[in-house]
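Below you'll find the structure, written out as structure tokens, and then a few comments.
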Amino acid sequence: MGNKKIWIINDQDVQYATEHVLQILHKGIRLKRNDNDEVSVICVGVNREDELKKLFQYGADRVIFCEQREGYSISLYVKCIATMLEDKLPDVILFPASITGRQTAAMLSVRFNAGLTACCTDIKYDGDKERYVFIRPAMSESVLAKITCINEKLQMCTIKENIFESRFVTNEITFNVEYFSYTEKGLDKNIEVLERKALDLKERVDIKSAKIVFVVGRGMKHSMDLCKTVARQYGAVVVGTKAAVEEKMIQENRQIGQSGISISPDICVALGVSGATQHMVGIKGAQVIIAVNTDVNAPIFEYSDYVIVDKGENILAELAK
14 MGNKKIWIIN
24 DQDVQYATEH
34 VLQILHKGIR
44 LKRNDNDEVS
54 VICVGVNRED
64 ELKKLFQYGA
74 DRVIFCEQRE
84 GYSISLYVKC
94 IATMLEDKLP
104 DVILFPASIT
114 GRQTAAMLSV
124 RFNAGLTACC
134 TDIKYDGDKE
144 RYVFIRPAMS
154 ESVLAKITCI
164 NEKLQMCTIK
174 ENIFESRFVT
184 NEITFNVEYF
194 SYTEKGLDKN
204 IEVLERKALD
214 LKERVDIKSA
224 KIVFVVGRGM
234 KHSMDLCKTV
244 ARQYGAVVVG
254 TKAAVEEKMI
264 QENRQIGQSG
274 ISISPDICVA
284 LGVSGATQHM
294 VGIKGAQVII
304 AVNTDVNAPI
314 FEYSDYVIVD
324 KGENILAELA
334 K
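Residue numbers (this note's numbering): 14 to 334.
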């Protein structure tokens, strides 16, 4: 039973101590079995001392930093981290389940033949088998699967935002930064940018910062136009359950629940949402939950502050007035 090295990979080159990374960092600290285990945050980009300092304030034992000034490149980024791995092989690597985090985890998993579990909701350490156990929803979110990597020493997973909490540790820090050097000649010669396309500004909605949220379930399939109209009237953001995504009612990036995002608005209006456990994970942080459902026994009513037994479209019609 040697000392365990736990890595958290940071995919930002502007802000290293994002709330997402701080949440993963706190989980990494909780995975330590003793003071000899080490939690390191890996940062690639421009040196920002204030951001690195914050990582230590939230409990990091070490920051491994590689300065790159050439600008963002996923190819360069992955090669840099791969070189770090070859030099100092950790036991487990935790990635944010962001676009960059998922891409990086997948490419490194193939390169190092490492086990990779996607979108974990929890991680535990099995002392008997000396293995990490990765927990994630499976079978349309009806069960929680416990996954272990048995063929390779290196184990990896991606973690969604707002699954764990962040926790400030101390202002009395030891600035333990290890500087790593990586230089590649002829950067990305095999990559050609064919087109740059900006996202539609209408789709750039900060769901996690929304104060009022309408959550729709499958039962609202024929009332989405009304729902969006009323949401605009009240300055609300429309999100939905996995069923709503499957029915093409909303975009996948607006899905809440275990396999989607977690939100904590001031007011959450749930329309036609049954309230299965995997859905409630996404809205449990709301200050006030107003549930509208035609089923008087809908599970969501047990978690709600206000309950309305009616059709969602009837309530929206009243709100529209």
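Ideal Cβ positions, reconstructed from N, Cα and C, are used throughout, including at glycine. Remember, it's a predicted structure, so these values are computed and weren't measured experimentally.
Do you know how far the Cα of I302 is from the Cα of Y316?
Roughly 8 Å separates the two Cα atoms.
Hey, quick one: how far does the beta strand (DSSP E) through A151 stretch, first residue to last?
144–151 is the span of the beta strand (DSSP E), which, as asked, contains A151.
Based on DSSP bridge pairs, tell me the residues matched to L157.
L157 is bridged to P150.
Inter-stretch contact (C-beta, 8 Å, three-pair minimum) for the stretch 158–168 and the stretch 137–145
Using a C-beta cut-off of 8 Å, the stretch 158–168 makes contact with the stretch 137–145, since at least three inter-stretch Cβ pairs fall below that distance.
Which value, in whole angstroms, describes the spacing of the CA atoms of I37 and H235?
If you take the alpha carbons of I37 and H235, they lie about 39 Å apart.
Can you give the beta carbon distance from F314 to A304, rounded, assuming they're within the 8 Å contact cut?
About 6 Å; that satisfies the 8 Å criterion.
Closest Cα partner of I106 within the set Y71, L68, G41:
The residue among Y71, L68, G41 with its C-alpha nearest the C-alpha of I106 is G41.
Hey, P109 and I172: beta-carbon distance below 8 Å or not?
A contact, by the Cβ cut-off of 8 Å.
Between the C-alpha atoms of E259 and S179, what's the straight-line distance to the nearest angstrom?
Using only the alpha carbons, I get a separation of about 32 Å.
If you count every other CB in all the chains shown that lies within 10 Å of the CB of A330, and 16 or more means buried, which is it?
Exposed, because fewer than 16 other Cβ atoms sit within 10 Å of the Cβ of A330.
According to DSSP, is D213 part of a helix, a strand, or is it coil?
Confidence at D213 is low in this model, with a pLDDT of 48, below 50, so the placement of that residue is unreliable and no value is reported for it.
Could you pull the DSSP bridge partners for F69 from this structure?
In DSSP, F69 forms no bridge with anything.
If we call anything under 8 Å between Cβ atoms a contact, is T254 one with I274?
Not closer than 8 Å, so no.
Do you know whose CA, among V54, I220, D323, L44, lies nearest V265's CA?
Here residue 265 turns out to be Glu, not Val, going by the sequence shown. Taking the Cα of E265 as reference, the smallest distance to any Cα among V54, I220, D323, L44 is reached at I220.
Range of the contiguous beta strand (DSSP E) that encloses V229:
Residues 225–229.
DSSP state of P109 mapped onto helix, strand, coil
Here P109 sits in strand by DSSP.
Inspect the beta-carbon positions of L257 and S287 and report whether they are closer than 8 Å.
At residue 257 the sequence reads Ala, which differs from the Leu that was named. Between A257 and S287, the C-beta gap is not smaller than 8 Å, which leaves the two residues out of contact.
Measuring CB to CB, does G114 end up less than 8 Å from D24?
Going by beta carbons, G114 and D24 fall inside the 8 Å limit.
Candidates G15, P278, Q271, I280: which alpha carbon is nearest V294's?
For the set G15, P278, Q271, I280, the Cα lying nearest the Cα of V294 is the one of Q271.
Grouping DSSP H, G and I as helix and E and B as strand, with all else coil, what is R180?
It is coil, neither helix nor strand.
Residue from S53, C93, V59 whose Cα sits closest to the Cα of D74
Distance check between D74 and each of S53, C93, V59 places S53 closest, using alpha-carbon atoms only.
Determine the direct distance from the alpha carbon of E80 to that of S86, and round the result to whole angstroms.
Across the structure, S86 and E80 are spaced so that their CA atoms are roughly 13 Å apart.
Sequence-distant residues of the same chain with beta carbon closer than 8 Å to K66, five excluded per side:
Within the same chain, Cβ atoms closer than 8 Å to the Cβ of K66 are found at I186, F188, the five residues on either side in sequence being excluded.
Identify whether G128 lies in helix, strand or coil by the three-state DSSP scheme.
If DSSP states are grouped into helix, strand and coil, G128 belongs with the strands.
Measuring straight from C-alpha to C-alpha, what distance separates L121 and S88?
A straight-line Cα-Cα distance of about 11 Å links L121 and S88.
According to DSSP, simplified to helix, strand and coil, what is R115?
In the three-state scheme derived from DSSP, where H, G and I count as helix and E and B as strand, R115 is classed as helix.
Leaving out the 5 sequence neighbours to the left and right, which residues in its chain are closer than 6 Å to K224 when beta-carbon positions are compared?
Its chain contains P278, D279 as the residues whose beta carbon lies nearer than 6 Å to that of K224, once the 5 sequence neighbours on both sides are disregarded; these appear in chain order.
C-beta contact flag for I296 and C281 at 8 Å:
Yes, the pair counts as a contact, with Cβ atoms nearer than the cut-off.
Report the rounded CA-to-CA distance for R61 versus I276, giving the unit in angstroms.
So the alpha carbons of these two residues sit roughly 29 Å apart.
Looking at F181: is its Cβ nearer than 8 Å to the Cβ of Q70?
The answer is yes: Cβ separation under 8 Å.
Decide if A333 is buried, meaning its Cβ has at least 16 other Cβ atoms within 10 Å, or exposed.
So A333 counts as exposed.
Please go through the same chain and pick out, in chain order, the residues whose beta-carbon is closer than 6 Å to the beta-carbon of A151, but skip the five residues on each side of it.
The beta carbon of A151 sits closer than 6 Å to those of A158, all from its chain and outside the five residues before and after it, given in chain order.
May I ask you to report which of helix, strand or coil DSSP gives Y29?
DSSP places Y29 outside both helix and strand once states are collapsed to three, so it counts as coil.
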